[in-house]
Amino acid sequence: LQCVTVYPVLVYAIRTQTFCALVYRDPYPGALPVLGLNAIVLCATAAVSIFGLHIADVLRFTGAFAALVMVYAVPAGVQWAELAAAARSSRRARAARLALTGGLLCCGCLTVAVQFE
4 LQCVTVYPVL
14 VYAIRTQTFC
24 ALVYRDPYPG
34 ALPVLGLNAI
44 VLCATAAVSI
54 FGLHIADVLR
64 FTGAFAALVM
74 VYAVPAGVQW
84 AELAAAARSS
94 RRARAARLAL
104 TGGLLCCGCL
114 TVAVQFE
């Protein structure tokens, strides 16, 4: 029952986020891109099932990558975009903010790297 109800909703959420945020700025850009993304998601989930990965491992890596993006990369990207737009701030202040956000991004990458231990 969950495969019929939950899986399509998750694939829709992945498709909407991927196409709107990254590629086309449209949740449904056409049949071919949607079929391609659905095939990729289907192959990824089938590979998890075939190779018998433990769900705890999958959640550990997924959580680490999600934390990297949401906690470290998005705020750093916003700061860097703001720095690029603010030409009136001093060079030293911009370098300090860039170093701080770059350091936080490195912490996020370290968090992901620790999961492969």
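For the sequence shown, position 62 matches number 65 in our numbering, and the numbering has no gaps at all. Cβ atoms here follow ideal geometry from the backbone N, Cα and C, with glycine treated the same way.
* From which residue to which residue does the alpha helix (DSSP H) around Val77 run? -> In the DSSP assignment, Val77 falls within the alpha helix (DSSP H) that extends over 77-88.
Let me know the secondary structure DSSP gives Leu118 once reduced to three states.
Here residue 118 is Gln; the residue named in the question, Leu, does not match the sequence. Judged by DSSP in its simplified three-state form, Gln118 adopts coil rather than helix or strand.
Anyone know if the C-beta pair for Ala70 and Thr114 falls short of 8 Å? Their beta carbons are under 8 Å apart, which means Ala70 touches Thr114 by this criterion.
(request) Starting from Val44, trace the alpha helix (DSSP H) both ways and give me its first and last residue. (result) Note, Val44: alpha helix (DSSP H), 34-53.
I'd like the list of long-range same chain contacts for Gly111, defined as Cβ closer than 6 Å, with 5 residues on each side in sequence excluded.
Result list for Gly111: Leu71, Tyr75, in chain order.
State the CB to CB distance for the pair Pro30 and Thr19, rounded to an integer number of angstroms; the pair is presumed to be in contact (CB under 8 Å).
-> Approximately 4 Å separates the beta-carbon atoms of Pro30 and Thr19; this is inside 8 Å, confirming the contact.
Can you tell me which of Ala98, Met73, Ser93 puts its alpha carbon nearest to the alpha carbon of Trp83?
Taking only the C-alpha atoms, the option nearest Trp83 is Ala98.
Legend entry - Helix, strand or coil at Arg28 [DSSP, three-state]: The answer is coil: DSSP assigns Arg28 none of H, G, I, E or B.
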